[in-house]
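Residue numbers (the working numbering): 3 to 1006. Built from N, CA and C at the ideal position, the CB exists for glycine as well. Data first, discussion second: the structure below is written as C-alpha cells.
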C-alpha cells in the first residue's frame, strides 16, 4: 500500500470514527493516500478493498460525502472478486467503522462488560450490549461469533470451551455448537457440571453478522489478562493483518483475549458458525507489498528507507508483480541508497519487460543504448523502446525519438524524431520535452527557435529534470535567445547540481575553469568535477583526465589522465575513447602503439566520433599499424564527412587534388575545400589558397626544399615559405605549427606577401600562436597593400562578419571587389552570395545575375538556388520555368531543401512542367523531412486533398502542425481550420481559435 502525500493520481481516504454517545459528532483523522490500479480492459482506476483494510483494519464501508461508494459488479450484477471500488483521484473518501477499535482479529468480536453474579443470578438472562441496527422479525437475536477456544467465569468458577474449529477452505472455518443432544462443552476447573450453550447460525456479510433479517454491529470488550490461557494454539485459522496476513505464532496466540457469548433462548438444533479468515490472495499480497515499498521509497507516511523499499519490492517481485520488479530494477540501476548493480537491474527489468511493463521496457532500452551491464547494442535498444512506446509509455516514446535524433540503431530522421518526441512531450514527460527543445535549440530539421526551445526546457525544468536545468544554463552562457549572462548560467547549473545531477556538477566545475573575466579556480573546479565523477557522470571523468593530461591545476600526469579517460571510456564515452587512442597514436605519455591506438579509435569511431574516424583514415592512408589502403582511408574520411566534419572535407579534397587512391579531380578538391572553409577550417583555406597561388608560379619540390634548409641563407623567401608549408602540412615531417611560423616569418620579413598572408591566417585561427585578430589584420593589410588577392579577400571577410573589426558590409564589398578584379574566384563567390539575397549590395539586377551565374556555374549551391529563383520570378531576367527547374534541380541534388520544395510546388501547380502530384509528393517529402516549413505545409495539403498520396487528415494535420510551429502562417490558418471542423483530430473550438490568433499575430 502506498501511503502518500496528496497527489492528483492517488485516492484519498479519511477515517471517520463513531463516538461512544450518539450525541457526540463523528471524529476524523488525517487522510491516507493509496495508489489506484489501472484496468486496461475497462479504462478505469480501482482500489482493492483489501488495500483499504490494510490501512483501516475495521472499515465497514466508504462514502463520497453522503453517497455510499459501492463495490464494483460485473454485467450480471455479481460483485467482482477481489472486492474493489472505483477510484476518484482528487476526491477524499470517508471510511466508516463498526467501532472505534482498530483491531480486526477475532478477539474484536467479543462483547463488552459480560454480566457477573453481582448483577444477575443467571448470566444468560441479560443479553450483551449489542447495537441493533435493524430488526424485522421475532426470531432469536444474533450475536457475535464464539471463540475457537475460550474461558468464562460463572459464580467465581472458570470454564473452558473445548470445541475446536474444522477448516472448510476458502477462508472459512466451522465451529459446531449444540443443545441437548450436541453441546459445546465448557469444562469447569473446580469440578462443577459443564455449562452448555446453543446458538443460531449467523451468516457473514461484509463486516456485519446476520440471522435472517436482523443485523448487529460487533462490539469490543476490554482485555482481561487474568483469563489468558498460555496453552492456546490456533494453528493457521487466525491472521494478524498488521503483518501482511502471516499466521500468528503461538506466542501471539497466547495474547488473544478470551471471549464469551450469550443466548437467552437456545434452540435445540445443531448450528454452524462460519468464521471468515480474511486470507489475502497472493496477487493482493504482492500489490500490498509493492505499495508499501513505494511508501518506503518516497518517505510517504513512513521514514524514507531504501533498504526496506528494496526488501518489500523484492517480496512482491518474487511473486511476479511487474511493477515491483521494475521498481526493484530501478533501485539497482540508479544505486540510490543501495549499491549500484547493473546485472541485477537487468535481471529484474527483463522480468518486468516480459510481462509488458512499458516502463521496464523503456529502461531496458536505455541499458542496451548506453551499454550498461550489457554490450552496447543499438538494435536491441530500439526493439525494447519501440515495444514500450507502442504501449503508450511516454519515456519509451522519448527514447524512440532520441534514436531517430542521433541516428543510433536507425537512420537519422529529424522529422520522425520530432513526431515521437512530440508524443512524449504531450504526455508531460520531461525527457521528451527536453529533447524536443534541443530540436528547436539547435535547428535539427527545423528553423532554430530559441523562444520555443526555452519554453520547452522550462516545462521540463519545472519537473526537476537536470538535463533541462543545464540546457537553460547553457542558453544563458551562450546568449542564445536571452542576453548572455554567465551569472544566470551558473545559477541554473547550481540548481541542477544541488539536486544531485552529475551534468550540473560538471558544468559548475567547468565554469570555475572558463568563466569570462575570472582567473581559473582549479581547486573549486576539481571539487565539483570530483562530485560529478562520484555521481558516475562520464563527462566529469573526461574533464578530469584532460586536466591531468594538460597539467591544469594539477601536476601533469599522463597515467592519471588515462585512468580517468578509461573510466569514462568504459561507460561508452566516445571522446574519452578517442583521447586514449590519440595518446597511443602520438605516443604522448605512453609508448607509441598503433595497435592499441587502433583498438581505442575504432571504439570511438563506432560511437560516431568523427575525429577518431579521421585518424583511422590517416592510418590507412599512411600505412600506420595497418597495410596502406587508400580505399579504406576514403571510407573512413567519408564517414566523418557525413557528419559535416571540416577536417574530413579537407582530407578528401587532398586525395582528389593529389590523385591518391582516386582519379585526380581539381574541381572536386576545390568544392570540398570550400565546404571546409565555410566551416572556418584554416587548413582548407590554406589548401585553397595554395591551389590558386600555385597556378601562377612553379611549385617547389618539397624534398629539395628540406635538403636546402640547412644551407639556406636570407636570400630566398620562396624557399623559406616552402619549408614553412612542409612543417605546416606535415609532409615528410611531423606537423609543427611553431616551426612553420619561424620559416614564414623569415620569408615575410623579406617581403613575401604569401608568407605575410599565411602568418595572418595563423594569428586569425590561433595556429601555433595565440589567436589575435588585430595582428592578423596587420599582416593581411601588409600583404594586401602589395596586391595579394587572398589577403584582400580575407579583409573583406573580417568586415563582412565583424571579426576583429566593426561589421561594415560596404567596406567588405570594396575588398571583395579588389580581389575579384584580380580573378580571385572565392571573392567572386562571396559577392554572388551577397547578391543572392538582393539586399546586401546596391547593384542593378543584370549585374547581380552576372555574378550569380558565374558562381552557379562553378557548382556553388546557394547561387544555383538564387539563380533558379531569378528565372522563376523574372528578377533580372525574363521568366523561364525550364531554366528555373534546371537550376533548382542542381541545387536540390546538392541537398538544398528550398530548391527541393520549389520543384515540388512547380509539379504541384504545373508551372513549366506537366502537373504531377506523385512527383510533387516525392520532392516535397524530401524537403519536408529536412525541416523546410513551406514544404511541410504543401506536403500536408497533398495528404488533405489526397493528391499523389492517400487522403489522410491525421497525417495532413501532423505536417501542418510541424510547419505551423515554425511560424508558417498558411499552415497556422490550416491548423485552426482543422481543429474547428474536427478534421484529423477531435473537434476543439478553443484550440482552433488559439491557432487563428497566432496566425493573425504573424500578419503584423
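Original post:
In or out: residue 93 buried (at least 16 other Cβ within 10 Å) or exposed?
Top reply: Translated into positions along the chain shown, residue 93 becomes position 91. So residue 93 counts as exposed.
Original post:
Is DSSP giving residue 81 helix, strand or coil here?
Top reply: Numbered from its first residue, the chain shown carries residue 81 at position 79. DSSP places residue 81 in strand when its eight states are reduced to three.
Original post:
According to the Cβ coordinates, are residue 313 and residue 360 closer than 8 Å?
Top reply: Along the chain shown, one-based indexing puts residue 313 at 311. Along the chain shown, one-based indexing puts residue 360 at 358. No, Cβ-Cβ distance for residue 313 and residue 360 is not below 8 Å.
Original post:
Which ranges does the alpha helix (DSSP H) cover as unbroken runs of at least 4 residues, wholly within the region 316 to 385, from first to last along the chain?
Top reply: When DSSP assignments are scanned along the region 316 to 385, the uninterrupted stretches of alpha helix (DSSP H) that are 4 or more residues long and fall wholly within it turn out to be 324 to 336, 344 to 355 and 360 to 372.
Original post:
By a C-beta neighbour count over all protein chains shown, 10 Å radius and 16 as the cutoff for buried, is residue 766 buried or exposed?
Top reply: Position 764 of the chain shown, counted from the first residue, corresponds to residue 766. Result: buried.
Original post:
What do you reckon, are the CB atoms on residue 797 and residue 782 nearer than 8 Å?
Top reply: Start at 1 with the first residue of the chain shown, and residue 797 comes out as number 795. Start at 1 with the first residue of the chain shown, and residue 782 comes out as number 780. Residue 797 places its beta carbon less than 8 Å from that of residue 782.
Original post:
DSSP state of residue 68, grouped into three classes?
Top reply: Here residue 68 is taken as the residue at index 66 of the chain shown, counted from 1. Residue 68: coil per DSSP, three-state reduction.
Original post:
Could you give the residue range of the beta strand (DSSP E) that holds residue 97?
Top reply: As a working mapping, residue 97 is identified with position 95 in the chain shown. Judged by DSSP secondary structure, residue 97 falls within the beta strand (DSSP E) whose first and last residues are 94 to 99.
Original post:
For residue 555, which option in 534, 529 and 568 has the closest C-alpha, if you only look at C-alpha atoms?
Top reply: Position 553 of the chain shown, counted from the first residue, corresponds to residue 555. Checked all of 534, 529 and 568; the closest Cα to residue 555 is 529.
Subject >> Beta-carbon proximity list for residue 491, same chain, < 6 Å, skipping 5 on both sides >> reply: Here residue 491 corresponds to residue number 489 of the chain shown, with the count starting at 1. For residue 491, same chain residues with a beta-carbon under 6 Å away, outside a window of 5 residues either side, are 475, 478 and 479 in chain order.
**OP:** Taking only the alpha-carbon atoms, compute the straight-line gap between residue 570 and residue 635 and give it to the nearest angstrom.
**Re:** Locating residue 570 in the chain shown gives position 568, counting from the first residue. Locating residue 635 in the chain shown gives position 633, counting from the first residue. One Cα belongs to residue 570, the other to residue 635, and the distance between them is close to 28 Å.
**OP:** Helix, strand or coil for residue 866, going by three-state DSSP, please let me know.
**Re:** If you number the chain shown from 1, residue 866 lands on position 864. DSSP places residue 866 in helix when its eight states are reduced to three.
**OP:** With a threshold of 16 other CB atoms inside 10 Å of the CB of residue 795, please say whether the residue is buried or exposed.
**Re:** Residue numbering aside, residue 795 sits at position 793 when the chain shown is read from its first letter. Around the CB of residue 795, 16 or more other CB atoms lie within 10 Å, so the residue is classed as buried.
**OP:** Assign residue 685 to buried or exposed, taking buried as 16 or more other Cβ atoms, counted over all protein chains shown, within 10 Å of its Cβ.
**Re:** Along the chain shown, one-based indexing puts residue 685 at 683. Residue 685 is buried by the Cβ-count criterion.
Original post:
Secondary structure at residue 61, three-state DSSP: helix, strand or coil?
Top reply: Start at 1 with the first residue of the chain shown, and residue 61 comes out as number 59. Three-state result, residue 61: strand.
Original post:
To which residues of the same chain is residue 429 closer than 7 Å at the C-beta, ignoring the five residues directly before and after it?
Top reply: Counting from one through the chain shown, the residue named residue 429 turns up at place 427. Short of 7 Å from the beta carbon of residue 429, and not among the five residues preceding or following it, lie these beta carbons of its own chain, in chain order: 396.
**OP:** Could you round the C-beta distance between residue 82 and residue 74 to whole angstroms and report it? I think they count as a contact, below 8 Å.
**Re:** By one-based count along the chain shown, residue 82 stands at place 80. By one-based count along the chain shown, residue 74 stands at place 72. Confirmed, about 5 Å.
Original post:
For residue 453, does the count of other Cβ atoms within 10 angstroms reach 16, so buried, or fall short, so exposed?
Top reply: In the chain shown, counting from the first residue as 1, residue 453 sits at position 451. Counting other Cβ atoms within 10 Å of its Cβ, residue 453 stays below 16 and is therefore classed as exposed.
Subject >> Inter-residue Cα distance where the pair is residue 1004 and residue 975 >> reply: What you label residue 1004 is simply residue 1002 of the chain shown in a count that begins at 1. What you label residue 975 is simply residue 973 of the chain shown in a count that begins at 1. In a straight line, the C-alpha of residue 1004 is about 11 Å away from that of residue 975.
Original post:
Where do the ends of the beta strand (DSSP E) carrying residue 13 lie?
Top reply: Start at 1 with the first residue of the chain shown, and residue 13 comes out as number 11. Start and end: 13 to 19.
Original post:
Given that a residue counts as buried once 16 or more other Cβ atoms are within 10 Å of its Cβ, and exposed if not, what is residue 916?
Top reply: Position 914 of the chain shown holds residue 916. Taking every protein chain shown into account, the CB of residue 916 has fewer than 16 other CB atoms within 10 angstroms, so this residue is exposed.
**OP:** Might you give, ordered along the chain, the residues of its own chain that have their beta carbon closer than 6 Å to the beta carbon of residue 311, omitting 5 neighbours on each side?
**Re:** Taking the first residue of the chain shown as position 1, residue 311 is located at position 309. Excluding sequence positions up to five before and after residue 311, its CB lies within less than 6 Å of the CB of 295, 298 and 299, all in the same chain and listed in chain order.
**OP:** Leaving aside the five residues before and after residue 963 along the sequence, list all residues of the same chain whose C-beta is less than 7 Å from its C-beta, in chain order.
**Re:** In the chain shown, residue 963 corresponds to position 961, counting from 1. 977, listed in sequence order.
Original post:
Just the Cα atoms here: how many angstroms apart are residue 463 and residue 973?
Top reply: Counted from its first residue, the chain shown places residue 463 at position 461. Counted from its first residue, the chain shown places residue 973 at position 971. Taking the straight line from one Cα to the other gives about 30 Å.
**OP:** Decide yes or no for the touch test of the region 600 to 608 against the region 577 to 586: beta carbon pairs closer than 8 Å, at least 3 of them.
**Re:** The region 600 to 608 makes contact with the region 577 to 586, as at least three CB pairs between them are under 8 Å.
Original post:
Considering residue 510, what are the terminal residues of the alpha helix (DSSP H) in which it resides?
Top reply: Here residue 510 refers to the residue found at position 508 when the chain shown is read from its first residue. Unbroken alpha helix (DSSP H) run through residue 510: 504 to 516.
**OP:** Check whether the Cβ of residue 824 sits closer than 7 Å to any heavy atom of the ligand FMN, and report yes or no.
**Re:** Of the ligands one can find in the structure shown there are none, so the ligand FMN has no counterpart to examine.
Original post:
Based on the DSSP secondary-structure assignment, which residues constitute the bridge partners of residue 47?
Top reply: Start at 1 with the first residue of the chain shown, and residue 47 comes out as number 45. Answer is 40.
Original post:
Where residue 293 and residue 36 are concerned, what is the direct C-alpha to C-alpha distance, given to the nearest angstrom?
Top reply: Numbered from 1 along the chain shown, position 291 holds the residue referred to as residue 293. Numbered from 1 along the chain shown, position 34 holds the residue referred to as residue 36. Rounded to whole angstroms, residue 293 to residue 36 spans 8 Å at the Cα level.
Subject >> Reference residue 906, options 922, 90 and 638, closest by Cα >> reply: By one-based count along the chain shown, residue 906 stands at place 904. Taking residue 906 as reference, the option from 922, 90 and 638 with the minimal CA-CA separation is 922.
**OP:** Measure the CB-CB distance between residue 390 and residue 367 and report whether it falls below 8 Å.
**Re:** Here residue 390 corresponds to residue number 388 of the chain shown, with the count starting at 1. Here residue 367 corresponds to residue number 365 of the chain shown, with the count starting at 1. Closer than 8 Å, so yes.
Original post:
When you compare each of 889, 682 and 853 to residue 769 by their alpha carbons, which one comes out closest?
Top reply: Numbered from its first residue, the chain shown carries residue 769 at position 767. Cα-wise, what sits closest to residue 769 is 682.
Original post:
Considering only residues of the same chain and omitting the five flanking positions on each side of residue 248, which have a CB-CB separation below 6 Å?
Top reply: Position 246 of the chain shown, counted from the first residue, corresponds to residue 248. Because the pLDDT at residue 248 is just 36, under 50, the model does not fix this residue reliably, and the point stays unresolved.
**OP:** Would you kindly check if the distance between the Cβ of residue 590 and the Cβ of residue 616 is under 8 Å?
**Re:** Counted from its first residue, the chain shown places residue 616 at position 614. Counted from its first residue, the chain shown places residue 590 at position 588. When the beta-carbon positions are compared, residue 616 and residue 590 stay at least 8 Å from each other.
**OP:** Check whether the Cβ atoms of residue 542 and residue 534 sit closer than 8 Å, and answer yes or no.
**Re:** Position 540 of the chain shown holds residue 542. Position 532 of the chain shown holds residue 534. It is a contact, given that the beta carbons lie within the stated cut-off.
**OP:** Kindly confirm or deny that the region 412 to 424 and the region 890 to 900 touch, where touching means at least three C-beta pairs closer than 8 Å.
**Re:** Segments in contact, no.
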